[in-house]
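Under mature numbering (1 follows the signal peptide of the UniProt record, and there is no 0), residues -29 to -1, 1 to 561 are what the sequence shown spells out, in order. Just so you know, even glycine gets a beta-carbon here, dropped at the ideal spot from N, CA and C.
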Amino acid sequence: MGAAFSLVLAGTLAIGLCGGSPATIAALAAEGGAAASAAAAGAAVNDTPKEEVVYARLSAAGAVDNVYVVNVLKPNAPGTVVDYGPYTAVQNLTDASGIEQQGDAVSVDVAEDSLSYQGDLGAAALPWDVSVTYELDGKRVDATDLGGASGKLAIIVTTKKDASVDPAFFDNYLLQITVPFVSDQVKEVATEDGQIALAGSNTQVTFTGMPGKDGTFRVEAQVSGFTMSGITFAVVPFSMGIETPDTTELVSGFRQLGDGVGELKAGADGLASGASDLAAGVGQVAGGVDGLAAGAGQLVGGANELTGGAQGVAAGAQGLAEGAAGLSGGLGAYQNGLLAQAQAQQDQAEDIDTLQQELQVAIGTYTFTYQAVYQTLIDAQVPPDQAKQQALVADAVRAAAQGIGAVVQRIGTASGSLGAADALKGAASGLGSGADPQSLMGGAAALSSGASSLASGASQLAAGAGALASGTSELASGANQAASGAGQLSAGAGQLSSGARQLADGTGTLYEEVQGIPAKVQEEIDAMMADYDKSDFKPVSYASAKNTNVSLVQFVMSTDPIEAPSHEEPAVEEPEQGIWDRLLALFGLA
């Protein structure tokens, strides 16, 4: 956009400030400020062409101390002109002719083409409320304490609208604010709001306040022995020559932007659709992986149960093997015991049989002897005493024979155990041998061998089941990680889909908005042109609304300077002379 701006600072901006008379607040109040209303019916007016330059002296903090107006009267013909303003004092600046003042009316004879006179307004209100604050090393300080100071200085100038003054000045005037530094006293001057320039021995920082806008302006500098001549405000009507820009290319560019946004919208819609499909597919994958993780968990449980069962089988098989081995060994020992017992009984039976035969012989012998003895006793008729003794002997022999007979009878009975021994041998023989798989011993041996194999296989089964459980645990862990990753992937895909949809919605909204941009751009350009087009502004008098033919009003304001404190040498007091000293001095002898 091409535009040529020319700021016309009309009139003299010389700062010829001079002290005015004391402020007369009552006069200002009666006038209603410097721009009082002329609404009263029949009020007198001055239609003589004129210009006004308003000078104001401000304190270092920005408060108004004194205001005076230099009025330049330019009548169409020489003669008496009556001008208006609530002045506390007036002074002719062109010639020595007098000026009459009655109330707010100032009467003066203009002999030439123009005449200038000064009218003092005291501490009148200005269209701008100015405030100046100072900070030294980050702490706010009063301007009276800054003279000769050193450190990091910040100056903040604030301008606001004073609602008590005609808004025509605030709304249509441009402020040029200049902060002058002595170059030898400052370094590292910095500002974000203005421009820095060298002007002779000074470093000037210039700010611009736009019409109708409050402003805050800040400048910082490292100072040493600080002094300043004062901040100046040159205020003139805002005017600029505007070359209407050719917006054809700009509007065309925005149309191309609209087309590009349309393509972007189509791409965003496609992206949203694809992201939605991706999210759905990833969701299915996540569901499958979750199922896999659940199945792997069940597999781990089954494998753990299998491991526990296999370990139980291994333990049982081991016990069975041990029991079978014990059974086989016990059967062998039992068979050997039977054979040994049968042999012992057989040997005993044979010994008893021999003894029985011998005893039977002895019994026969004893029986025969007894009978012979007994018969002899009967036949011999021995004396009674001897017969009695012999009878006793015979009885003893007979008793012995009977005892032996009883023993023989018992031995006979015992010899029946020989049959039992044969039975034991038959039983032992019935157990068979370990080599015969059909026999009890063979079956026990086979059982022991099979139980050992079973225990070995059960141990291998338990080990395999443990390995299976470990592998399924790793599988379950991997499946859980896969499920977690799939969940994150699904969440990310969901976010992508959501973001893509938002992008599509946003580009749709952008596309709709872009369609109206060319017209809006033209409207904004027209509005900006209108904001700064002051071509229809007609100056009004600051001194009085009764002055109706004012061609120019401008303001020049300046703050008090900040000066280094003075160091006066103390006066040396002369010692008081005595009478003798005065006499010597009188004759020139002192």
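In the three-state DSSP reduction, PHE188 falls in the strand class (E or B). For ASP54, there is no enclosing alpha helix (DSSP H); the residue is part of the beta strand (DSSP E) that begins and ends at 50 to 55. Ranking ASP322, ALA343 and GLY122 by CA distance to the CA of SER195 puts GLY122 first. Contact between PHE526 and ALA27 holds, since their C-beta atoms are separated by about 7 Å, short of 8 Å.
At least 7 Å separates the beta-carbon of GLN156 from that of ALA205. Per DSSP, PHE526 is one residue of the beta strand (DSSP E) stretching across 521 to 530.
GLY301 and LEU291 have their C-alpha atoms spaced approximately 15 Å apart.
Judged by DSSP in its simplified three-state form, SER30 adopts coil rather than helix or strand.
Rounded to whole angstroms, the Cβ separation of GLU534 and GLY118 is 5 Å, and the two are in contact under 8 Å.
Segment contact: the stretch 61 to 77 against the stretch 96 to 116, fewer than three CB-CB distances shorter than 8 Å; contact not assigned. Fully enclosed alpha helix (DSSP H) runs of no fewer than 4 residues occupy 138 to 143 of the stretch 74 to 152, in order along the chain. Secondary structure of GLU163 (DSSP, three-state): coil. Secondary structure of PRO489 (DSSP, three-state): helix. Residue environment for GLU494: exposed (fewer than 16 other C-beta atoms within 10 angstroms of its C-beta). When secondary structure is reduced to three states using DSSP, ALA429 falls in the helix class. Here VAL25 is buried, its C-beta having at least 16 other C-beta atoms within 10 Å.
In this structure ALA457 does not touch VAL271 by the C-beta definition: roughly 19 Å separates them, more than the 8 Å allowed.
By the criterion of at least three beta-carbon pairs nearer than 8 Å, the stretch 158 to 168 is not in contact with the stretch 132 to 139.
Just so you know, the alpha carbons of GLN72 and ALA134 end up roughly 29 Å apart. With a contact defined as Cβ atoms closer than 8 Å, TYR58 and LYS517 miss out at about 13 Å. In summary, LYS21 is buried, with 16 or more beta-carbon neighbours lying within 10 Å of its beta-carbon over all protein chains present.
Judged by beta-carbon spacing, LYS45 lies within the 7 Å limit of SER85, meaning their Cβ atoms are closer than that value. Inclusion of ALA76 and VAL53 in the CB contact set at 7 Å is warranted, their separation being smaller than that value. Rounded to the nearest angstrom, the Cβ distance from ALA31 to THR530 is 5 Å, consistent with a contact under 8 Å.
Look at ALA434 here: in three-state DSSP terms it is helix. In this structure, the alpha-carbon of GLY266 lies about 18 Å from that of ALA436. In the DSSP assignment, PRO208 falls within the unbroken beta strand (DSSP E) covering 203 to 208. By alpha-carbon distance to ASP230, the top candidate from ASP507, GLY487, VAL524 and ASN520 is GLY487. With a beta-carbon spacing of about 5 Å, ASN143 and PHE508 fall inside the 8 Å limit used to define contacts. Straight across, the Cα-Cα distance linking VAL253 with VAL232 is about 30 Å. Only residues of its own chain outside the window of five on either side were considered, and among them THR129, THR130, LYS131 and LYS132 have a CB closer than 8 Å to the CB of ASP185, listed in chain order. ASN518: not part of any beta strand (DSSP E); DSSP gives it neither H nor E. Secondary structure remark: continuous beta strand (DSSP E) runs of at least 3 residues inside the stretch 255 to 293: none found.
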